[in-house]
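The structure appears below as structure tokens.
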């Protein structure tokens, strides 16, 4: 899971490096966008896989762990003693929702770059670049 979360920003960084090298490509202008889409999609899959493994481990841990194995402080134990249902209530933290937002933004950029890449290659595209083959 940690390796997937580490691979996701690395793949995004590689996609940005390809975007910086776009000036090196003269004839095939849409090829870098295809590579960006490929790396961006791999980054999305990596992040989504890490998030899926995290959710699987989180739900498995919550369903199969007995209540007495929770490590609670004195004040928390008093709250749980008066409200036994509270042990089943947990919320995801800010880090989880930031990861979901990052993975969703990655999927959005992948989709948009694929649409842009395919639009460059269509005959009706206003962005089509006509290259004289020498």
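Residue numbers (my numbering): -11 to 122.
Cβ atoms here follow ideal geometry from the backbone N, Cα and C, with glycine treated the same way.
As the structure is a computational prediction, the values presented were derived from the model and not from experiment.
Between which two residues does the alpha helix (DSSP H) harbouring residue i extend?
| i | result |
| --- | --- |
| residue 59 | No alpha helix (DSSP H) contains residue 59, which DSSP labels as neither H nor E. |
Just to check my reading of the structure: residue i and residue j have Cβ atoms closer than 8 Å, yes? What is that Cβ distance to the nearest angstrom?
| i | j | result |
| --- | --- | --- |
| residue 5 | residue 34 | Residue 5 to residue 34, Cβ: 17 Å. No contact. |
| residue 98 | residue -4 | The Cβ separation is near 12 Å, so there is no contact. |
| residue 71 | residue 28 | At roughly 45 Å, the Cβ-Cβ gap does not stay under 8 Å, so residue 71 and residue 28 are not in contact. |
| residue 39 | residue 91 | 6 Å |
Nearest CA to the CA of residue i: which residue from the options?
| i | options | result |
| --- | --- | --- |
| residue 96 | 31, 65 and -8 | 31 |
| residue 84 | 36, 69 and 49 | 36 |
| residue 47 | 61, 80, 89 and 63 | 80 |
| residue -8 | 87, 101 and 100 | 87 |
When you compare the CB of residue i with every CB in chain D, is at least one pair closer than 8 Å?
| i | result |
| --- | --- |
| residue 91 | The chain labelled as chain D is not found in the depicted structure, where only one protein chain is given. |
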